[in-house]
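Participant:
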Amino acid sequence: MAVSTSANSKSQDGAIARVLEDVFGLDSLRPLQAEAIAAAVHGRDALVVLPTGGGKSLCYQLPPLVTDRLTIVVSPLIALMKDQLDGLRLLGYPAAAAHSNLSPQEKRDLKRDLEGNTLRLLLVAPERLFLEGFLVQLAQLEIGAIAIDEAHCISQWGHDFRPEYRRLAELREVFPNVPFQAFTATATPRVRDDIVQQLQLREPEVLVGTFDRPNLTYRVLPRVDLVDQVAEAVQRHPDAAAIVYCISRKDTEGLAESLRKKKIDARAYHAGLDAKERTDISERFREERLHVVVATVAFGMGIDRGDVRLVVHAGLPKSVEGYQQETGRAGRDGLPAECLLLYSAADAAKWRQIMERSAGESGSPPDVLAAQLALLAEMQRFATRTTCRHAMLSRYFGQEYPHDDCGACDVCLHELEPVEGAHVIAQKILSAVARTGQRFGMRHVIDVLRGSRTQNVVDRGHDQIPTFGLLKDVAGSTLANFVDQLIDAGDLLRTDGEYPVLQLTMRSKELLTSERQAVLVLASKALEAKPERTRKSKRRGSSNPVRSSDGDGAMSEPSSDPLSEQLFDHLRSLRREIARELGMPPYIVCSDVTLEQMASERPRDEQGLLRIKGIGPKKAEAFGERFLRAIREFGAD
Ligand code: ADP
Ligand code: ZN
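To get my numbering, take the position in the sequence shown, counting from 1, and add 57.
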C-alpha cells in the first residue's frame, strides 16, 4: 500500500485538480468524491455509497489518470457501458469495454490496447470476467485498482441480487495485492456489511453519502383513476421526459394506449418486446425524440438521461431500495423533478403472489423469499405513512433527516386533506375489530363495515352485529387505506404470519373512549393539473423551498429570464443536432446543467466557455465553437 507523506499527498491533490479541470471540465469535487478519489489514489480499499446522480463514476474514472495505471470496472449493464465509453471518448480518455457482444475487430483492438498498456479504464461485464481465461490474461497486466459498480448486486439482502456477482469474491484470490473499491447507490446497513464481507474488503474506507435527494418532490396518492392521474401528472411537465413504471407487462401496454388516446405520445416498454422494438424505444427516448415511456422496471437501468422530470409508479414498487433507485432516475441533473406513487392496498398482495410463485419455480432458498417479503412490507409502510417522505427515506437508509419540513413532499406541502369525521370513522373501524373478536383480517372487517353479505360474514353471523354496514358509504379501497393509517399510527395492530388478523392495541382504547381524537387524511385527488414547465418552476428561486444539495445546480442562481429560457431551448436543439452527428445520446454531449449555465452566462469566447461546468478542452475543441456561435447569433437578434 502506498504510504503518502504530506508532500506527495499535496502534489497528488494538485494532480487531481488538474485532471478534474483539464479532462472533465469541472472545477470542484463533491464532498465524498474527494475522499473516494484519495482512497483510490492511495491504493486503499473503499466502499462508496452515494445516491443516484451523486457522481460515483468520477470516483473511479479520475484516479487512473493520476496513478497512470489501469482500473478494471465491473459493471452489470452493457447498455450503460456503451454510453459511458462514448462519454469518455469525447473527453479523450483511453477506455475500452469487454463484454460478450464485442465484434471481432473490437476484440482485436482490445487485445492490442491491453498488451500495449494504453488503456486506463476497462469496463467489464461480470460474466465476461470469468470466461475463457480472461482473468489469467488480466492477471498478467499491471492493474492499479478494481472498481465494482452496483456492488449491492452481490448481496441477497439487497433488492437486486445477481448470482453472477457472487463470483466476484474470487477476484480477491486472483488479485491479492490490488485495491478494491465498491460502489452502490442503494444499500441498507445490512447490505453494506454484506458487500464488505463478500468482497473481503480490507480496512475499507467506508464513505456513505447523503441519501436525501432534495430536488425530488415525492407524492403518494391512492390510485383512484389511473389513466387520469397519470395523464394529469405528465401534463404538469409538458415537453419533459417522464417514466411511468407498472408492475406487469400487460399494464404497460394498456396504460400507454390509454395515454395515447389522450394525445400523449407514450410508448410501452418491457422485456417481452422483441429486441428491435426495445432498442428503438430506448434510443428514441435517449435521443429526446420520445418523452413518455410506460415500462416495467426493465426500463431505465441502461438509461442515464439526466433530464427526466417525472417518475410515476403506477403500482407499489416491491422494495424501498427499488423505489429509491427508480425515482432516482428523475432529476439526475440536480434540477427539480417529481416522483408520484399511485398506490392501492391490492398491489402488495399482487407482489406477494408473484414472489411466492417465482420462489417456488426457481427453487431459491426460503430465506431469499423471506427477505423479499420483508422488503415489500417496508415499502408498504412507506406508502401508507403520512410523515415526511424525505425523512422516511433518509431513515430507511440509516440517516437522520435534519429538517422538520422538507418543502418537497405531499405531506409537508399539506396536500393531504384531513378527513371530516375521522374520529367517528376510526371508532367504527376499531369497534368492528372488537365485535368480531379480533380474529379476522382486513378484508373481512371491511366487508362487515360496508355491509357486504359475503359467505364468511353470514356464516359467522357478523351481519347481525351492530357495526354491520356502519360505513357502507365509504369505498372499500378508501377504508383499506384508513385501516393502514390506523395501523401506522399504532391504533390498530396487524399480526404477522400467513393469515394476518387485526387486533386492538393499548392506544385503541384512548380512541374508543375519546381520550384522544383520531386523525385520518385523504390524499386530495384535486392536485390540479397546473401546466407549468418544471424548469420555470425551479426559477421561482426563493419562493421554491427546494434545497440544492450542492452548488452544482443552476438552482443557486434563480433568474426568471425568458430570454435565457429561449436560449436554453435553442441550445438544447443544437445539442440534439450534435448528438445525432456523433451518433450518441444528447445527455452524453453535455447535461442540462451545462446548457442552463451557458444560457444564463452566455460566454463569448473559448475562455468563457471553459468556465462552464462540464466543458473541458476536448469538448470545447469538438463543438465549442458551435455553441458559441449559437449564443452570439442569439444575442444579435
Ligand atoms: P451516479 O453514477 O452516482 O449515479 P454519475 O456519475 O452519473 O452519478 O454523475 C451524475 C452527474 O453528475 C453527471 O452528469 C456528472 O457529470 C455530474 N458530476 C459528477 N461529479 C461532478 C462534480 N464534481 N461537479 C459537477 N458535476 C459532477
Ligand atoms: Zn416532507
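No residue lacks a Cβ here, since even glycine has one placed at the ideal position from N, Cα and C.
Model, not experiment: these values are computed from the prediction.
Report the rounded CA-to-CA distance for Ser-305 versus Asp-322, giving the unit in angstroms.
Facilitator: Spanning the two alpha carbons is a distance of roughly 20 Å.
Participant: In three-state terms, what does DSSP make of Ile-87?
Facilitator: Reading the sequence as shown, one finds Arg at residue 87 and not Ile. Reduced to three states, the DSSP call for Arg-87 is coil.
Participant: Mind checking which residues open and close the beta strand (DSSP E) that includes Glu-474?
Facilitator: Here the beta strand (DSSP E) through Glu-474 covers 473-475.
Participant: Would you mind listing the beta strand (DSSP E) stretches within the segment 331-418 that are 3+ residues and don't spill past its ends, in chain order?
Facilitator: Within the segment 331-418, the complete beta strand (DSSP E) runs of at least 3 residues are 349-352, 365-370, 394-400.
Participant: Within a Cβ cutoff of 6 Å, which residues of the same chain sit near Thr-511, ignoring the five residues on either side of it in sequence?
Facilitator: Asp-504, listed in sequence order.
Participant: Let me check you understand the geometry: is the CB of Asp-331 closer than 8 Å to at least one non-hydrogen atom of ligand 1?
Facilitator: Incorrect: Asp-331 has no Cβ contact closer than 8 Å to ligand 1.
Participant: Taking the beta strand (DSSP E) that Ala-152 falls in, what are its first and last residues?
Facilitator: From DSSP, the beta strand (DSSP E) with Ala-152 extends over 152-155.
Participant: Leaving out five residues on either side along the sequence, give the residues of the same chain with a beta carbon under 6 Å from the beta carbon of Gln-381.
Facilitator: Excluding positions up to five away in sequence, the list reads Thr-243.
Participant: So, with DSSP's three-state summary, where would you put Val-130?
Facilitator: In the structure shown, Val-130 sits in a strand (DSSP, three-state: E or B).
Participant: In the DSSP assignment, the beta strand (DSSP E) including Gln-495 goes from what residue to what residue?
Facilitator: That residue, Gln-495, is in no beta strand (DSSP E); it is neither H nor E in DSSP.
Participant: Strictly closer than 6 Å from CB to any heavy atom of ligand 2: give me those residues in the order they appear in the chain.
Facilitator: Answer in sequence order: Cys-445, Arg-446, His-447, Cys-463, Cys-466, Val-468, Cys-469.
Participant: How about Ser-648 and Ser-621: are their beta carbons less than 9 Å apart?
Facilitator: Not closer than 9 Å, so no.
Participant: Is it true that the CB of Val-181 sits closer than 9 Å to the CB of Pro-119?
Facilitator: The question names Pro, but residue 119 is Leu in the sequence shown. Cβ distance not < 9 Å, so Leu-119 and Val-181 don't count as in contact.
Participant: So is Gly-692 buried or exposed if we call it buried at 16+ other beta carbons inside 10 Å?
Facilitator: It is exposed - the Cβ of Gly-692 has fewer than 16 other Cβ atoms within 10 Å.
Participant: Report the rounded CA-to-CA distance for Arg-492 versus Ile-522, giving the unit in angstroms.
Facilitator: Between Arg-492 and Ile-522, the C-alpha separation is close to 7 Å.
Participant: Among the candidates Asp-404, Asp-70, Pro-295, Val-468, whose CA atom is the shortest distance from the CA of Thr-7?
Facilitator: Lying outside 58 to 694, the shown extent of the chain, residue 7 is not represented and no answer is given.
Participant: With Gln-437 as the anchor, note down where its beta strand (DSSP E) starts and where it stops.
Facilitator: Note, Gln-437: premise wrong, no beta strand (DSSP E); alpha helix (DSSP H) at 423-441.
Participant: Comparing the CB of Pro-108 with every heavy atom of ligand 1, is any distance shorter than 8 Å?
Facilitator: Yes.
Participant: Using 10 angstroms around the beta-carbon of His-209, count the other beta-carbons present and answer buried if the total reaches 16, otherwise exposed.
Facilitator: Classification for His-209: buried.
Participant: Out of Gly-363, Arg-409, Val-231, state which residue places its alpha-carbon closest to the alpha-carbon of Ala-394.
Facilitator: Of Gly-363, Arg-409, Val-231, the residue nearest in Cα terms is Gly-363.
Participant: Check whether the Cβ of Arg-169 lies closer than 8 Å to any heavy atom of ligand 1, and answer yes or no.
Facilitator: Flag unset: Cβ of Arg-169 not near ligand 1.
Participant: Among the residues of its own chain, which have a CB less than 6 Å from the CB of Val-369, if the five just before and after it don't count?
Facilitator: Cβ neighbours of Val-369 beyond the five flanking positions: Val-287, Ala-290, Val-301, Leu-397.
Participant: Check whether the Cβ of Gln-238 sits closer than 8 Å to any heavy atom of ligand 1, and report yes or no.
Facilitator: Answer for Gln-238: no, Cβ out of range of ligand 1.
Participant: Say the cut is 8 Å; is the CB of Ala-242 nearer than that to a heavy atom of ligand 1?
Facilitator: Yes - ligand 1 has a heavy atom lying nearer than 8 Å to the Cβ of Ala-242.
Participant: In angstroms, rounded to a whole number, what distance separates the CA positions of Tyr-238 and Ser-132?
Facilitator: Correcting the residue identity first, residue 238 is Gln in this sequence and not Tyr. Their Cα atoms are separated by approximately 12 Å.
Participant: Taking the straight line between their C-alpha atoms, what separation do you get for Gly-640 and Ala-152?
Facilitator: Each residue's Cα considered, the two are about 18 Å apart.
Participant: Taking only the alpha-carbon atoms, compute the straight-line gap between Arg-247 and Glu-435 and give it to the nearest angstrom.
Facilitator: C-alpha separation (whole angstroms): 15 Å.
Participant: If distances are taken between C-alpha atoms only, which option among Arg-442, Asp-102, Glu-260, Val-515 comes closest to Pro-279?
Facilitator: Nearest C-alpha to Pro-279: Arg-442.
Participant: So what's Leu-178 in DSSP terms, helix, strand or just coil?
Facilitator: Strand at Leu-178.
Participant: With a threshold of 16 other CB atoms inside 10 Å of the CB of Gln-254, please say whether the residue is buried or exposed.
Facilitator: Exposed, by the Cβ-count rule.
Participant: Sorry if obvious, but does the Cβ on Leu-83 come closer than 8 Å to a heavy atom of ligand 1?
Facilitator: Checking the Cβ of Leu-83 against ligand 1 gives yes.
Participant: Could you check which residue in Ala-636, Ile-635, Phe-684, Glu-567 has the C-alpha nearest to that of Met-655?
Facilitator: For the residues Ala-636, Ile-635, Phe-684, Glu-567, the minimum Cα distance to Met-655 belongs to Phe-684.
Participant: Counting along the chain, where does the beta strand (DSSP E) carrying Phe-237 start and finish?
Facilitator: First-last of the beta strand (DSSP E) with Phe-237: 237-241.
Participant: Is it the case that the CB of Gly-391 approaches a heavy atom of ligand 1 more closely than 8 Å?
Facilitator: Flag set: Cβ of Gly-391 near ligand 1.
Participant: Can you list, in chain order, the residues of its chain whose CB lies under 6 Å from that of Glu-585, leaving out five sequence neighbours each side?
Facilitator: Bear in mind that a pLDDT of 39 at Glu-585, under 50, signals an unreliable position, so the model cannot answer this.
Participant: Quick one: does the C-beta of Gln-381 sit closer than 8 Å to a heavy atom of ligand 1?
Facilitator: Flag unset: Cβ of Gln-381 not near ligand 1.
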